[in-house]
Amino acid sequence: METIEKTDLSQIIKPENLVYAKPELMNDNPMHYCPGCSHGVIHKLIAEVVEEMGMAEKTIGVSPVGCAVFAYNYLDIDWEEAAHGRAPAVATGIKRLNKDKMVFTYQGDGDLAAIGTAETIHAANRGENIVIIFVNNAIYGMTGGQMSPTTLEGMKTSTCPHGRDIELNGYPLKISDLLALLDGTCLVTRQSVHTPSAVKKAKRTLRKAFENSMAGKGTSVVEFVSTCSSGWKQTPEQSNNWMVEHVFPSYPLGDLKNID
Ligand SMILES: Cc1ncc(C[n+]2csc(CCOP(=O)(O)OP(=O)(O)O)c2C)c(N)n1
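Counting with numbering that gives the first Met the number 0, you get residues 0 to 259 for the letters of the sequence shown.
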């Protein structure tokens, strides 16, 4: 088979002309995520922040079940796998035994706000010094687009093809708002990566969250309101627009709590 030689960009691009470089912590494995999925950009932000903080050797991610499970294929840090919903409990144990490590969970809404509600609320209520990264695409992406607790009213999914019915299914769960009420949380914020400026803002907030965890300030929760073009049955562009038009009004971006 023909081998493709890797081009050493540093030989071609002068440092003063370099506008972007892939973080070293992101490896060259081809990503399996669907076109338009937010996971890739969020992975990149984690890699950049960890790298810029000089914490590459001291960061441990905990990924449970859902599309997030494959994060360990792309980010060259230490990872621990957790059962569905259990990441905050596993992260608690890791952080308590390794106080010098920077520990975070990486969870979807089905994972964090359904099967893992108890683990999430209690870890945050204990004020564990971990970062909870919550990728909220309002759907169970990996298993075929079923309704999740955060699915919007009227939103169609494979298990509510006529749209979420409040009488039947209850209200969309604003779990970050709940977490902000707990004394153990120091930062609870809702971000997105749908535009370059949103990405920049999200990165700053993510860094603050990681710094909080190392300063022992308690639990930081960074929710990323995200797209799932496959689950939503839209093109990447449509899903980005649909998120702005329909999801942001229910899950508005910004800090819900930020204690310095
Ligand atoms: C104990 C257990 N129950 C159910 C499943 C099946 N399952 C795998 S992924 C998933 C949904 C994950 O959805 P979400 O957390 O929203 O993540 P996404 O795939 O949307 O990123 C479910 C129910 C499982 N693997 N383990």
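By construction, the Cβ of each residue, glycine as well, lies at the ideal position given by its N, Cα and C atoms.
| Item | Value |
| --- | --- |
| Examine ligand 1 and report whether any of its heavy atoms sits within less than 7 Å of the Cβ of residue 33. | no |
| Look up residue 240 in the DSSP assignment and say whether it is helix, strand or coil. | helix |
| Taking only three categories from DSSP, how would you classify residue 170? | coil |
| With 16 other CB atoms within 10 Å as the buried threshold, where does residue 29 fall? | exposed |
| Using a Cβ-based criterion (distance less than 7 Å to any ligand heavy atom), does residue 229 qualify as near ligand 1? | no |
| With a 10 Å radius around its C-beta and 16 neighbouring C-beta atoms as the bar for buried, classify residue 161 as buried or exposed. | exposed |
| Determine the extent of the beta strand (DSSP E) in which residue 209 is found, giving its start and end residues. | That residue, residue 209, is in no beta strand (DSSP E); its alpha helix (DSSP H) goes 195-214. |
| Which whole-angstrom value is the C-beta distance of residue 110 and residue 171, which I expect to be below 8 Å? | So it is not a contact: roughly 16 Å between Cβ atoms. |
| Determine the contact status of residue 205 and residue 224, defining contact as a CB-CB distance below 8 Å. | no |
| Any idea if residue 0 is buried or exposed, counting beta-carbon neighbours within 10 angstroms, 16 or more meaning buried? | At residue 0 the pLDDT is 46, less than 50, meaning the model places this residue with poor confidence; the figure from the coordinates comes in the next sentence. It is exposed - the Cβ of residue 0 has fewer than 16 other Cβ atoms within 10 Å. |
| For residue 218 versus residue 129, is the C-beta distance shorter than 8 Å? | yes |
| Rounded to a whole number of angstroms, what is the C-alpha to C-alpha distance between residue 54 and residue 233? | 38 Å |
| Please work out which residues of its chain come closer than 6 Å, Cβ to Cβ, to residue 100, disregarding the five sequence neighbours upstream and downstream, and give them in chain order. | 57, 59 |
| Using alpha carbons as the reference points, say which of 145, 25, 41 lies closest to residue 194. | 41 |
| Use the C-beta contact count for residue 43: other C-beta atoms within 10 angstroms, 16 or more gives buried, fewer gives exposed. | buried |
| With H, G and I counted as helix, E and B as strand and the rest as coil, what does DSSP make of residue 182? | coil |
| Go to residue 124, then tell me how far its alpha helix (DSSP H) extends in each direction, as first and last residue. | 116-125 |
| With DSSP as the reference, please indicate the residues paired to residue 101 in a beta bridge. | 58 |
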